[in-house]
Structures are given as structure tokens and as C-alpha cells.
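>
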Amino acid sequence: MFISTQWLEDYVDIKNLDIDTLSNGLVMSGSNIETVEMVGKNIEKVVVGKILEIKLHPDAQKLVVTQVDIGEEVLQIVTGATNVEEGQYIPVVLHGGKLPDGTKIKKGKLRGVVSNGMMCGGEELGISDKVFPTHKTKDGIYILDEEYPLGTNILDILELNDHVIEFEITPNRPDCLSVLGMARETGATFNLPLKYPDIHIKEEVEDIKNYTSVEVKNNDLCKRYVARVIKDVNVTHSPQWLQNRLRKMGMRPINNIVDITNYVMLELGQPLHAFDLDQLNNQKIVVKNAEEKTFTTLDETKRNIDENMLMIYDGEKAVAVAGVMGGLNSEVTKNTKTILLESANFNGDSIRTTSKKLGLRTEASARFEKGVDPNLALIAANRVCQLIEETGAGKIVKGVIDLYPKVEEEKTILVRPNRINQLLGTKLSKSEMIKILEKLEMKVKDEEENLIVTVPTFRFDITQEIDFVEEIARIYGFDRLDMTLPKGSGQGAKTNGQIIEDIIKNTLNAAGLNEIQTYSFMSPKVFDLLCIGKESCMRSVVKVINPLGEENSIMRTTLMGNMLEVLSRNYNRNVEEAKAFELGNIFIPKDIPVTELPIEKKVLTIGMYGTEIDFYSIKGAIESLLKRLRIENIEYIPQKSNTTFHPGRCANIVYENHILGVMGEIHPDVLENYKLGTRVYVVEIDATMLMGITKPDRIYKELPKYPAMTRDIALVVKDEVYVKQIEDIAKANGEDLLESIKLFDVYKGKQIEEGYKSIAYSLTYRAKDRTLTDEEVTKVHEKIVKTLEEELGGSLR
Amino acid sequence: MKDQLEKIKNLAESAIQDAKSMQDLEQIRVKYLGKKGELTLVLRGMKDLSNEERPLIGKIANEVREEIENSLQNAIEVVKQNEKNIRLQKETIDVTMPGRKCKLGHKHPLTKVLDEIKDIFIGMGFKIAEGPEVETVYHNFDALNAPKNHPSRDMSDTFYITEDILLRTQTSPVQIRTMKKQTPPIKIISPGRCFRFDELDATHSPMFHQVEGLVIDRGITMADLKGTLDLFAKQLFGSETKTKFRPHHFPFTEPSAEVDVTCFKCEGEGCKVCKGSGWIEILGAGMVHPNVLKECGIDPEEYSGFAFGMGLDRVTMLKYGIEDIRLLFENDMRFIEQF
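Here you go:
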């Protein structure tokens, strides 16, 4: 919402406040400011001139040579503008003058002819072209509407010596969407009295009853309908001062009638509409829901309407979409002689829905949506009539039609000053509070412990005691409140789950993995890209009904798709190596279609590629993590049928017969789908389960007191034998003495038959309570070797 | 014989002095003290000496042997030391060459900043509460006093799963869940992912992160809110940081405020980061609306409280000077490895 401070000054005396004091004060009392702009800044030496004579340029077809009277002298100015005529009043930039875009104007010659300055257009004066009146070409010279004293500074004529403040009005304060509304705030903030406009109509003629009648059929959607009639209308352009004000507030001047309705809307906040009464069948207004399917609004657009939309009808046809926009069929034109002025109060929700369906948001609909005080309708209608009369635009017909069945009454609310101090941590006296409330135009009755406050009807936002806490706090000043810390003890802490999450992230960081974060939603195409079977339960998903695009349309059931996308992005940006993990939620629907909240489960996904990375790199990372979380007895079961992974390089990670996750090299088909030209390794683990089996507590284990004995073996076995089989046999036969079994070499090649491999292990024996003898160790070791040979068909090398 | 011994001693001493290496010294030892060495040979001739002379010469001979042995020992020490010095000299390496990389992983910048924020609030006695990303309309809007016609409820602002289920647009529903299951005092922060219907561009993302906080107890005041957030800002951005509380409007709180902090880049002078104002808006806050307390079964006459919220992505971007939010979700390793 733009507010001209010059206009504001009509209602509240802010002469003694500089712009910084004014804007900071308003911000601190709750009116947030987006921008403050000096309208005519950087304009120098631009004055009013009159074109006395226009002659063709001797050497240039597109230029003319003019003589311009600026009062003290007559200047010769060459111009290329095509909209100039002798006798016009125009802005002239003198030699040494400046324009807002930084242009400096100097005397010079154009194609050999002396030019002592420049005539300028509105845009050159920094006036946005969207607020330009249609009857002036925006590429040409700004033609002034009236005769002004020659040589007068243009800043004074166009009232450009003005700060325009753009306020961010919060949705609870629609009463601030007007100059008067902001004047009220200014008055309360700076403790200044408010001067309301003096609204009166001098002369009235005839009787409205002879002109029109109004019928409201839907009182729910139209709380109040005020109509007045103006006759002998002379539709022309508005006076310069009125145009100036509209333009500075961001509105385009159109004609005097429309401009005055807009002016009053900006001034008081009441949207208004003027109908050409002669275009209304039976000179009648009926407010009712739409009966047709289409309607052409005055922006010459044919729109689809429906029976839920409130419309204004005449005796026959629809003439306006109530509170949104008038119809082309009853628009005020140059030929209009009689006007029906509408000042109504329409239901905000209904206007919002209509405006949204039509895709049409206007200054009027925006105000109705947020709420307009119904008690404003008559005041605003009279204000319009006053301005029409004062500017000689028409004659006001006597009488008002005012359909207002349920008058909006002022609310009274009980306020406890004690309570206010309790919540603010202040010690304000009752009288201080009363003073603040009265500044806000509230009436206060002092009843000992309590205050009984009467709230003006324009303050819809105030409905209960707590609302006064805010009013008092903001006018008193948030910055004047104390800063204290809450009393009471209470220890801050993380939960076990949160601590484990931290451990997981820290451990993976220490293992060289970077943490990534990707979206919780993903594309349904991911399942095909990952070659996940059609029957997989992963494909049962939670869908977004209004996604931004297909790629964000379902809630993820795996993090692998996002992981591969990230790895692919890195790979294709020539990042040599990537090792990453994400700890995030997946979403499992409890039912399809979804009727209750899905299960949200934490998942840990790791992905890696790089020249020095293979299956065992990622397995090592997982093993380190599991060790850190003190999770033991994990089995890695070869998994040949997971279609996302390489059939020979994939394992399920199993804990006590529950699958904790899956790990492996990504299948070449999947790599191709993700445009990855390198081998990629991925793990996905159920982190909720992982956290459940983590044992964060630990007890110290005594260091060994007696020496260990180590025996190495090299066993030749068939390729298909998994080392896990060897380890299981060794452990099963190691009695209490086998402390550890460590793989240190796998060899294939010379001396080893095709289809076989040589596996070398270091077996360490130790007893807790004594030094082992050679015989003891030999006995156990030989038993292990013998079992290995028998069960695996292996032979010692 | 005495002269002979003296001569051997002198010869040996001078040989020792000239010796350069352990080998030289060993040769000297063999030559003079060895089984067939010169001193041994001389001593063998002792048997021909008279009984008076023998002990005398014997004593001298022993002294000579001791002296030579001592000199040898000293010379060995010197030579060893020299040899060590020479080896050390030879072993000089270029210490300016790069070390073998021990590659550590990096946390995502959002996690780093969140960890900082969590630590600050834990230090002030807060606990961390979490809740679902997919939420009910009730928890996300209704219970938070959001008007039924509030534009934020529109399909053009919020992602919906069904009419009653949505992707949370804030982490405030976690506050509702906490208030419903826990009796005051309550002191929590609720960090997490949020979703709004915004196309991805340099400053918007359909998914972003919030950290909200809630304190409910007897006698909590707006001054407590100011004090808490002022202390938080000083801890996160530095002890010189100042805060400014501007009145604002949120349905969930009354009174409501927006909170600015002095720009940590220019310390209030005005720069590009703060767009010349010296202040940066980072928080929304206020006293929890009595309607919300009532909805959660807390008596607003007995208890009061405050709530606040901030955009983690925004704070992270400001703190690290990141100008494009997309970088946070692209996960380029070269980006993450900077944090």
C-alpha cells in the first residue's frame, strides 16, 4: 500500500517530523515499511513552458524547431516528439537541468539548429508508465492539463516534492489500507490529533426516488448497499491535483468520475463503483447471485461466471461482478449524463472466491477480501458526491438509498490492566493504558480493577482481551519492554535418538563421507530408473495432489534415487570422487488411498564412486559405523535378485534374521539410467532399526595379560566358497582359545588351478588365564584345519 | 721397556686422532690391543723383567692400555655422532611438499548451523522436539488459530495429500503435539523440513527448513521472549549483536513481532547483505495466543508462553554468504567440502 506523505498531512500534522522519524516511528508501532521514495528526486531545473510556435527543421524530417515561453525568456528548442501543438503547456528542462535517470541537459545543436533545453515526457520525469492517463501518449511530451504560471518549478505543479511510503499491511489490519487509516496510526504513534475530512454536500436537487430503486436478494453476501445519483455529469479529465495524488499512490487517472471514486477509496478505504444510470434497464439495481454463464467486464474480457458469484443486475441483465469489477455494458463514458454511485459492503469470503475463480484481483476486491467497515459506506458515498460537486463534475440528486438491515454495532470488551502487565512484564499504570487506548479511538470506562473498552467498528481484529495486550505493547513500544530470561529450571538435553543421529553423522564424516540433503519428495519415475520390480512395496507411495511438477509429486520411499541423482550431478560436473550419505525420512502409507498420516521412517543411504573405491570401501564404511554403534552379529548375505544392484556384488545386511539394509554395486542398467559412466556403490539402511539396536553404553574389557600365539594358514578352495564359511568353521572349532581370525590375502593365478583361490588367514590364539603351550595351540589349530579341509574340500598350501 | 710403552701409547693416540671411521678405530684396536697387538707383544716380554721392574712396568702397561682404551672409546663416540649427523643430513626431505591426505567428510552447511543453534538452546535449557513432515490440516493450521480462509491454506500455497493431510508448512505443528502431550513447563525447539508451493529459484525452494521454539510456564512474559532471543542472537552472531523487535501479525501469537538483528557483516553500518539498513530480519515471534493454549488443553489464565521461528536456510545463507538457495540442495561435493 503506497501512501503519499503530502496527502497524509491533510489529516495529521506531520510537518515537524522528518521522513526518517516518521517511517521509523510507524515501523516500531507495527506498520512495516517496504520502501520510502522521494518522488521527484534528482529533478533539477524543470519548469512550465508554453509552446508558442512550431516550425519544421530545415535539415531533418523527423525534427521540429519550437519557440517555448518560460516566462522570463523564450527558448528555441528542437524536438522529435510528435504530440506537440502550439499553445500547449509542457515541462521544459533548462540548460544545466537534471532528470531522475541521471541525464544532464545542456545547450547544443541538433542537426545544425540551436536547442536551448528539452521538453520532457512523464517517463523522463520518473512517473511510471503504468499510471499514465490513456489520453496521453507515453512516448511523447507530457502535456499539462491547464494553464500554469510560466517558469514555475514542475515539482510544484506535479506535486513531486513528496515522499511516498510503501507499507506492508498485515492481513489483520485492513483498516490501514487507506490514507485515513494510516493517518490514524500516525496520530496514535506520535500522539498527534486527527483531522477528519469535513464531508458535506452543499446543494441537492430533485429526489433519488424518481431515478432508481435498489433490491438486495442476498443479504448474507451484501451487508449494506448505499446508492446515490448524480445528474448533469460532465465526464472529462480530473484536475491536476487529483491526478497527481492518484498517480503517486500507483493508480492511473482515467476520467474525473472514475478518478473521484478511486480517490475516495484510497482516502477512506471504501471501494466504490459508478454506473451509467441510463444504461441500466428500468433504472434499477438488483443484487443477487449470477444467473448467466458469462459476463463481459469493463476491461473488455468475457469471463465465466457461476451461481455462487454475487452480481449486480439491472432490471434485466448483469451489470457488475459485485465488489470485483463493473461491466462494459454500464461503464461511465464521455457520453454519460447520469450516474448511479454504489457504495456497498460485500462479504469478504465470497469476494475472495469469486476473484480467485475469475483470476481477477482489483483494488476493490483486495479490500473487500480483507474486510471493509460497513459503517463507512454512507460516509464514502457522500464524500464522492462532495468532490463531484466541488469539482463541478455533476449535480447531486437529493436522497440516499441505504439498505442496511443489520447495523454493525461497536463491541465492548473487558480488559484487566493487571493481566496486561503480567504478560508484558511491565508496570504500566491504568491511566497510561487508558491514554494509549484512547489514542487508538477507543472509548474506555474505568471500573476499578477492570477497563471496559468500546472498540470502533473498523477494528475487526480486536475481539478479546489479548488483542489489547498487543495494542498497548506496540504503542508503548516493544523496544521499551525489558529483556529478561524465563525463570525456572529445566535442563536442556538431546534424546538418545538425537545423540545416536549425531554419532552416525560424525562417524561417517570421520570415514570421509560428506553429508547431503535432498528433497523429501521425488518423481514416480525413480522406481523404473532404479529398475525396481513392479510388485515392490516401495511403489506404494504417498502422493501430493497439487505437486509443482511430476518430479516432486510423490513422497519418497527410498533415498537411493536422490542419492544417484546427486552422484550423477557430481560425476557429470567432473568431480573425480564422491562419497556421500543422507540420513532422512521415507514415507510409508498405512493405507491406499491415504486416509491417515503415513509412517515416517528414518533411512540412511550411502553412495560412492571414484577410482580408488570398490565394494569393500563402502562395506568398510558400514562396518566402521556398526562398530562405533557397538552393533555386533551382523551378517552379509549374498543377494542375487535385487534388480537395482549387480547380481554378483550385492548383499543384504542382516541382524538377527531381520534385514537391516542392502548394499552393493549399482547395476549397469541403473547406472545408464542415471547417466553415470563409472561404477557406483550404494548402501541403504533402515536407520530407525539401526538406532533401535545401537548400544551406546559400554563397559571396559580387561587388556590381555598373557601372550598370544599366531598361526598362519593358506587354504586353496573353490571360487564359490565365501570366506564367511571359513570363518564360521574356524570360530566353531576354535574352542575358547581362538581369539581372532584375520584374512590377509586372497590369491588367484599362477600355481593355483583355474576355478580355485588361495585364501590366507592369520589365526590368533590366547587364553585369559595362562600362557598357552605349543601343544595346546597345535591341537586346536589342527582341528580347525582338518574341518576346513573336510567341509570345504580345501587343501593347505 | 718403559720408553717402548710410552712410544706405543703416543703412536696409538696419534693414530686414534687421525682415525675417520669405525673401521679405522677397529684396526687401531687390533693393532695395539689385539691378541697379536703391539701392546700385547710388549707385555709378553714382561716375563723377562726383573721382579722389581715387573710390577712397575706392569702398572705402567696397564695404565697405557687403559688410556688407549679410553681414547678409543671417546673416539668411537665422536665418530658415531658424526656418522649420525651425516645420516640425518642425507635424510633431509622437502617438508613443503603436501602431506598424504587423510580425507575427512563434511557436514551439510544446514546441519552445521543447526548444530550451533541446537547447542545454544540446549545451553539455555531447551529440549529438541521432532514431528512428522506429513501432517494433518488440524495440527498445521486449525489448532494454530489460522483463519479458515487464510490464503496460506490455499492449494497455491500448500502441498496437500488429501483434504485433511498436507506437507507441513511450518514446524509449529510440533509445538501443538508437544503441548497436547506434555504439561508445562515446556521448553523446546523444533527444527525440521517444511514445504511451500514455491517454484525453485535463487531465493525460493519448495522444501526448506525451520527452527521454531516454544516456552510455556507460569508467569512467562514478553520480556522473557525478548531476553531469550537477544541472548540467542548474541551467541549465534557475536556478543556485539543487537536485536530489534517490530510489531507484526501472526495468527498463532499475540502480540507478535518480527525480530531484526544488527547485520553481522557490517555490524550495523549498512552493506549489501543487509541492503544498507544495518539490520537483518531473521525471526518471527510472539506470545502464544490464548486460543492456541486452550486448544491444546492448557489454561491461558494459569500459563503463558512465547514462540518463535526462523528459517534455517536463510540464516545459513546469511552466515556463509550463499546467494543461491539451490546450492543447498544440489549437493555438489565441492560445495559441501567447504563447510
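In order, the protein sequences belong to chains A and B.
Sequential numbering from 1 applies to the first sequence in the working numbering.
Sequential numbering from 1 applies to the second sequence in the working numbering.
A virtual CB, placed ideally from N, CA and C, is assigned to each residue, including glycine.
Is K334(A) helix, strand or coil by DSSP?
Sequence index remark: in the first sequence, residue 334(A) carries index 334 (1-based). Correct three-state label for K334(A): coil.
> So T79(A) is in the beta strand (DSSP E); what residue range does that whole segment cover?
Along the first sequence, read from residue 1 onward, the residue named residue 79(A) stands at position 79. Run containing T79(A): 74-79, per the beta strand (DSSP E) assignment.
> With G117(A) and L144(A) assumed to form a contact (beta carbons below 8 Å), what rounded beta-carbon distance in angstroms separates them?
In the first sequence, the residue the question calls residue 117(A) occupies position 117. In the first sequence, the residue the question calls residue 144(A) occupies position 144. With 8 Å as the limit, G117(A) and L144(A) do not qualify as a contact, their Cβ atoms being about 16 Å apart.
> Just checking: is the beta-carbon of R100(B) within a distance shorter than 8 Å of some beta-carbon in chain A?
The residue labelled residue 100(B) in the question sits at position 100 within the second sequence. False, the Cβ-Cβ gap to chain A never drops below 8 Å.
> Identify whether R628(A) lies in helix, strand or coil by the three-state DSSP scheme.
Mapped onto the first sequence, residue 628(A) falls at position 628. Helix at R628(A).
> My assumption, with CB atoms under 8 Å, is that V680(A) sits in contact with Y609(A). Please give the rounded CB distance.
Your numbering for residue 680(A) matches position 680 in the first sequence. Your numbering for residue 609(A) matches position 609 in the first sequence. Yes, V680(A) and Y609(A) are in contact; Cβ-Cβ is about 5 Å, under 8 Å.
> Which complete beta strand (DSSP E) runs does the segment 385-454 of chain A hold, if anything under 3 residues is left out?
Qualifying beta strand (DSSP E) stretches, in chain order: 395-397, 401-403, 411-415, 443-447.
> Residues of chain A with CB closer than 8 Å to the CB of T228(B), please, in chain order.
By one-based count along the second sequence, residue 228(B) stands at place 228. Going along chain A in sequence order, the residues near T228(B) (Cβ under 8 Å) are L485, P486.
> Determine the chain A residues that contact P185(B) at a beta-carbon separation under 7 Å, and present them in chain order.
On the second sequence, position 185 is the one that residue 185(B) refers to. Against chain A, the beta carbon of P185(B) has neighbours under 7 Å at G488, G490, listed in chain order.
> First and last residue of the beta strand (DSSP E) that includes L340(A)?
Taking the first sequence and counting its residues from 1, the one referred to as residue 340(A) is at position 340. Start and end: 339-346.
> So, for L110(B): in the same chain, excluding its five sequence neighbours on each side, which residues have a beta-carbon less than 8 Å away from its beta-carbon?
Here residue 110(B) is taken as the residue at index 110 of the second sequence, counted from 1. Same-chain partners within the cutoff: H209, L312, D313, T316, L328.
> Using three-state DSSP, classify T111(B) as helix, strand or coil.
On the second sequence, position 111 is the one that residue 111(B) refers to. Helix at T111(B).
> Taking only the alpha-carbon atoms, compute the straight-line gap between G126(A) and P100(A) and give it to the nearest angstrom.
For the purposes of this step, residue 126(A) is taken as the residue at position 126 of the first sequence. For the purposes of this step, residue 100(A) is taken as the residue at position 100 of the first sequence. So the two alpha carbons sit approximately 6 Å from each other.
> Nearest-angstrom Cα distance between K370(A) and A364(A)?
Reading the first sequence from its first residue, position 370 is the one you call residue 370(A). Reading the first sequence from its first residue, position 364 is the one you call residue 364(A). Approximately 10 Å between the Cα atoms of the pair.
> Quick check for students: name the residue ranges of the alpha helix (DSSP H) that lie wholly in the segment 523-578 of chain A, counting only runs of 4 or more.
526-529, 560-572
> Could you compute how far the alpha carbon of K9(B) sits from the alpha carbon of K80(B)?
Reading the second sequence from its first residue, position 9 is the one you call residue 9(B). Reading the second sequence from its first residue, position 80 is the one you call residue 80(B). Whole-angstrom Cα-Cα distance: 23 Å.
> What number of angstroms, rounded off, separates the C-alpha of E53(B) from the C-alpha of N74(B)?
The count along the second sequence starts at 1 and reaches residue 53(B) at position 53. The count along the second sequence starts at 1 and reaches residue 74(B) at position 74. Each residue's alpha carbon lies about 31 Å from the other.
> Using a Cβ cut-off of 8 Å (strictly closer), state whether S29(A) contacts chain B.
The residue you call residue 29(A) lines up with position 29 of the first sequence. With 8 Å as the cut-off, S29(A) counts as an interface residue toward chain B.
> State yes or no: is the beta carbon of R334(B) nearer than 8 Å to at least one beta carbon in chain A?
Start at 1 with the first residue of the second sequence, and residue 334(B) comes out as number 334. It does: the Cβ of R334(B) has a partner Cβ on chain A nearer than 8 Å.
> For the beta strand (DSSP E) that contains D69(A), what are its first and last residues?
Stepping through the first sequence from its first residue, residue 69(A) is reached at position 69. 64-69 is the span of the beta strand (DSSP E), which, as asked, contains D69(A).
> What does the Cβ neighbour count give for E565(A), buried or exposed, with the cut at 16 atoms within 10 Å?
Within the first sequence, residue 565(A) is the residue found at index 565, counting from 1. Buried, since its Cβ has 16 or more Cβ neighbours within 10 Å.
> Show which residues of chain B have a CB atom less than 8 Å away from the CB atom of D349(A).
In the first sequence, residue 349(A) corresponds to position 349, counting from 1. Going along chain B in sequence order, the residues near D349(A) (Cβ under 8 Å) are N149.
> Quick one: which unbroken beta strand (DSSP E) runs of 3-plus residues sit fully inside the segment 211-254 of chain B? Chain order, please.
243-250
> What residues from chain B crowd round K579(A), counting only those whose CB sits closer than 9 Å?
The residue you call residue 579(A) lines up with position 579 of the first sequence. Result: K103, G105, M333.
> Going by DSSP, what residue range makes up the beta strand (DSSP E) through G163(A)?
Residue numbering aside, residue 163(A) sits at position 163 when the first sequence is read from its first letter. The residue you asked about is not Gly; residue 163(A) is His in the sequence shown. Segment 163-168, the beta strand (DSSP E) holding H163(A).
> So which residues on chain B does E37(A) lean against when the C-beta distance must stay under 7 Å?
What you label residue 37(A) is simply residue 37 of the first sequence in a count that begins at 1. Result: empty, since nearest Cβ-Cβ is about 14 Å, beyond 7 Å.
> Is it the case that the segment 742-751 of chain A contacts the segment 19-38 of chain B, given that we only count it when at least three CB pairs across the two stretches are under 8 Å?
Inter-segment contact for the segment 19-38 of chain B and the segment 742-751 of chain A is absent: fewer than three beta-carbon pairs are separated by less than 8 Å.
> Give the interface partners of K505(A) over in chain B, defined as CB-CB distance under 8 Å, in chain order.
The residue labelled residue 505(A) in the question sits at position 505 within the first sequence. In chain order: K107, T111.
> Whole-angstrom Cβ separation of R367(A) and P253(A), contact assumed at under 8 Å?
Counting from 1 along the first sequence, the entry for residue 367(A) is found at position 367. Counting from 1 along the first sequence, the entry for residue 253(A) is found at position 253. At roughly 20 Å, the Cβ-Cβ gap does not stay under 8 Å, so R367(A) and P253(A) are not in contact.
> Between the alpha carbons of G286(B) and N83(A), how many angstroms are there, rounded?
Translated into the one-based positions of the second sequence, residue 286(B) becomes position 286. Translated into the one-based positions of the first sequence, residue 83(A) becomes position 83. Using only the alpha carbons, I get a separation of about 58 Å.
> Using a Cβ-Cβ distance cut-off of 8 Å, determine whether K342(B) contacts chain A.
Residue 342(B) is absent from the model: chain B starts at 1 and stops at 339.
> CB E34(A) to CB E166(A), shorter than 8 Å?
Here the question's residue 34(A) lines up with position 34 in the first sequence. Here the question's residue 166(A) lines up with position 166 in the first sequence. Contact: yes.
> Among the residues of its own chain, which have a CB less than 6 Å from the CB of I599(A), if the five just before and after it don't count?
Along the first sequence, one-based indexing puts residue 599(A) at 599. I588, listed in sequence order.
> Just checking my contact of L597(A) with I165(B) at CB under 8 Å: how many whole Å lie between their CB atoms?
Counting from 1 along the first sequence, the entry for residue 597(A) is found at position 597. Counting from 1 along the second sequence, the entry for residue 165(B) is found at position 165. About 6 Å; that satisfies the 8 Å criterion.
> Do three or more CB pairs link the segment 180-190 of chain B to the segment 125-141 of chain B at distances below 8 Å?
The segment 180-190 of chain B vs the segment 125-141 of chain B: in contact.
> Could you check how far apart the C-beta atoms of S355(A) and V319(A) are, in whole angstroms? I think they sit under 8 Å.
Counting from 1 along the first sequence, the entry for residue 355(A) is found at position 355. Counting from 1 along the first sequence, the entry for residue 319(A) is found at position 319. That belief does not hold up - the Cβ atoms of S355(A) and V319(A) are roughly 18 Å apart, past 8 Å.
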